[in-house]
Amino acid sequence: MMTMMACKNSITRWHLSLNYVLKMRYFATKPLQTQTLKRTSLYDFHVSHGAKMVPFAGWEMPVQYKTGIIEEHLHVRREVGIFDVAHMLQTRVDGKDRKKFIESLVVTDIEGLKENQGSLTVFTNDKGGILDDLIVNNASEGYLYVVSNAGCADKDFAHMKDKEKHFKKAGADLNLSVIDSTLIALQGPKMVNVLQPYIDFDLKNLPFMTTVVSKVCNANGCRVTRCGYTGEDGVEISIPTALADSVVTTLLSSSKASVKMIGLGARDSLRLEAGLCLYGSDIDETTTPVEANLTWLVSKARRAKSDFPGANKILEQIKSKPEKRRVGFISTGIPVRGHAKIFSEDESELIGETTSGCPSPTLKKNVSMGYVKTHHSKNGTQVKIEVRQNMIDAEVVKMPFVPSNYFLLK
1 MMTMMACKNS ITRWHLSLNY VLKMRYFATK PLQTQTLKRT SLYDFHVSHG AKMVPFAGWE
61 MPVQYKTGII EEHLHVRREV GIFDVAHMLQ TRVDGKDRKK FIESLVVTDI EGLKENQGSL
121 TVFTNDKGGI LDDLIVNNAS EGYLYVVSNA GCADKDFAHM KDKEKHFKKA GADLNLSVID
181 STLIALQGPK MVNVLQPYID FDLKNLPFMT TVVSKVCNAN GCRVTRCGYT GEDGVEISIP
241 TALADSVVTT LLSSSKASVK MIGLGARDSL RLEAGLCLYG SDIDETTTPV EANLTWLVSK
301 ARRAKSDFPG ANKILEQIKS KPEKRRVGFI STGIPVRGHA KIFSEDESEL IGETTSGCPS
361 PTLKKNVSMG YVKTHHSKNG TQVKIEVRQN MIDAEVVKMP FVPSNYFLLK
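Below, the structure written as C-alpha cells:
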C-alpha cells in the first residue's frame, strides 16, 4: 500500500507535470508579451465558484476548482461534471456545396453522414500531416455544424476561408460563419439522469455522435451533441450566450446526481485515460492519421476517391504500414510526460518518444502515449522510457486505458 508521503509526492509530481503541459500549450499559441487573453461568457461564474484561472490557447480558463484536479477527475468518472469549452471554434457551413467543400479539407465521408449524424475527422495538408482534429455534424436544418480546437481556431478558420474563396470563385454555393454561442460539456455516467428532465426529447434517441436542437433548462435554440473528451457518456451543449449562466446554474442544482464544475486539468487527465489525442502534443502537421492510429477516420468512400489532401501519402501508409505508430504505455514509479525518449527493453535502440502522459487517478498507475517504430508497437511489448535520467519499465498496451462508456445503439 502506498504510504502517505509517497502519495503526496505522487500528487505533487502529477501537478508539476500538468502545469508544465498547460504552460507549454499556452506558449505555443502566441508570444506572451503581445497577447491579450480572451474570456468566455462564463468567466465571472468560474471566479465566483472558486476557479483557479490560467492562460490557455489565448484564453483565461479554469484549470481547477477548490476540490482540486484529482477529485474533479474522479467525480466525472463517478457522477457528472460540467466543462466550459466555449473557447473552441464553432463554425456553420451553409450552401448546397457545403459537404463537397468540407470533404476537400478532411479525410472522412461527410457526404455519407445521415441527418443529425456527426463524425470525428482531421484536416490534412498535402503531405498527409494533421492540421487539426474536429467534429463535423450534418444538421437537419440544412447546414454543417463544425467544432474545432481553440489552439488552432485562427489557423482553422483561415484555412477554411481560403478554401471557401477558391470554391466561390468556381461558382460554388457556400457560406462560412462563426457561431457566437457558449459551448459547455456535460460528462459522466449519470449525465442522462441530470439532463433528461430539462430537455424536450428522449436521450435514448440521441446516440453517440448525433446532434439535435432543443430547449435546455428553458433556454430555446440550444444544440445538444452526444460526444465528449472524457470517455464517459456525455453531451456538448451550444447555448445562446445570454442564457449560459442560467443553464449551468440549473444543471448544477440537479437533485438527480452530484454535478460539479470541472477544469482543464481534469479534462486533460480524463482524455489521456480515454486514449484521446491532444492536438499539438499527440498529433500535429508532422504526423499522419495512419501514424496516429486514426486510420479509421479515412472512410472507405474517400479511399476509393483518393481526393483528400495528402491522399497519396496516407493511402500508401495504409497499404504498406508507416515507420512509426502512436501507442499507449502503462508504467509505475516516476510519472511519464511528453518528450521522453523510448528505448527497446534492452536499452540498445532508441525507438521513439512520448507525447503526453500523467498518473492515472482511476488506475493508480502512470499512463502515457507516444510514437514508436512500428515493429515495436505490438501490445505487450516491454520498453524503457527515460525520465530524468532514470530508465522506467513500461508496457505497450491497448488504448483506451480506461473503458469508454459511449452510448451506442445496439
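Just so we're aligned, residue 1 is where the sequence shown starts under the UniProt record's numbering, counting upward by one. All residues carry an ideal CB built from backbone N, CA and C; glycine is no exception.
Residue burial classification, residue i (beta-carbon count within 10 angstroms, cutoff 16)
i, result
"residue 301", "exposed"
"residue 3", "Low per-residue confidence applies at residue 3: pLDDT is 43, beneath 50, and the placement is therefore not dependable, though the value from the model is reported in the following sentence. Residue 3 comes out exposed."
"residue 323", "exposed"
"residue 90", "buried"
"residue 376", "buried"
"residue 248", "buried"
"residue 339", "exposed"
"residue 416", "No answer is possible for residue 416: the residues shown for the chain start at 1 and end at 410."
"residue 289", "buried"
"residue 210", "buried"
"residue 380", "exposed"
"residue 364", "exposed"
"residue 171", "exposed"
"residue 27", "Legend: pLDDT at residue 27 = 38, less than 50; position of this residue unreliable, value from coordinates given subsequently. Exposed: under 16 other Cβ atoms inside 10 Å."
"residue 401", "buried"
"residue 378", "exposed"
"residue 238", "buried"
"residue 260", "buried"
Residue i to residue j span [Cα, whole Å]
i, j, result
"residue 292", "residue 325", "6 Å"
"residue 169", "residue 175", "13 Å"
"residue 86", "residue 328", "29 Å"
"residue 295", "residue 242", "40 Å"
"residue 70", "residue 129", "34 Å"
"residue 220", "residue 95", "24 Å"
"residue 159", "residue 59", "21 Å"
"residue 98", "residue 125", "20 Å"
"residue 183", "residue 47", "18 Å"
"residue 370", "residue 397", "12 Å"
"residue 180", "residue 287", "31 Å"
"residue 177", "residue 218", "26 Å"
"residue 245", "residue 192", "20 Å"
"residue 299", "residue 253", "42 Å"
"residue 409", "residue 256", "24 Å"
"residue 144", "residue 309", "20 Å"
"residue 341", "residue 165", "43 Å"
"residue 318", "residue 190", "39 Å"
"residue 110", "residue 134", "12 Å"
"residue 399", "residue 167", "39 Å"
"residue 42", "residue 320", "48 Å"
"residue 142", "residue 200", "21 Å"
"residue 240", "residue 404", "30 Å"
"residue 68", "residue 38", "24 Å"
"residue 372", "residue 251", "43 Å"
"residue 395", "residue 346", "13 Å"
"residue 311", "residue 161", "22 Å"
Contacts around residue i, its chain only, beta-carbon distance under 6 Å, and the 5 residues preceding and following it disregarded
i, result
"residue 132", "123, 148, 149, 152, 156 and 279"
"residue 63", "52, 54, 263, 264 and 265"
"residue 366", "331, 335, 336 and 359"
"residue 213", "223"
"residue 45", "245"
"residue 368", "329, 336, 354 and 357"
Own chain residues within Cβ distance below 7 Å of residue i, not counting five before or after
i, result
"residue 73", "266, 269, 270 and 361"
"residue 406", "208 and 233"
"residue 315", "303 and 306"
"residue 225", "118, 137, 211, 235 and 236"
"residue 374", "321, 322, 323, 324 and 325"
"residue 173", "95, 96 and 97"
Residues near residue i by beta carbon distance below 8 Å, same chain, minus five either side
i, result
"residue 343", "349, 350, 351, 383, 384, 385, 386 and 391"
"residue 305", "none"
"residue 88", "147, 148, 149, 150, 153 and 183"
"residue 76", "187, 188, 230, 232, 262, 266 and 270"
"residue 7", "Interpretation of residue 7 is limited by its pLDDT of 45, a score under 50 that renders its predicted location unreliable; no figure is taken from the coordinates."
Pair within 9 Å by beta-carbon distance, residue i and residue j
i, j, result
"residue 83", "residue 93", "no"
"residue 127", "residue 313", "yes"
"residue 79", "residue 258", "yes"
"residue 40", "residue 61", "yes"
"residue 66", "residue 81", "no"
"residue 216", "residue 227", "no"
"residue 121", "residue 297", "yes"
"residue 393", "residue 333", "yes"
>> Does the structure place the region 37 to 57 close enough to the region 115 to 127 that three or more beta carbon pairs sit under 8 Å?
In response: no
> Would you say the region 348 to 359 touches the region 272 to 285, given that touching needs at least three Cβ pairs under 8 Å?
Replying inline: Contact holds between the region 348 to 359 and the region 272 to 285, because three or more Cβ pairs, one in each stretch, are under 8 Å apart.
> Within the chosen definition, does the region 95 to 111 reach the region 190 to 205 through at least 3 CB pairs nearer than 8 Å?
Replying inline: Taking 8 Å as the limit for Cβ pairs, the verdict is that the region 190 to 205 does not touch the region 95 to 111.
>> Any contact between the region 134 to 148 and the region 192 to 202? By contact I mean 3 or more CB pairs, one from each, below 8 Å.
In response: no
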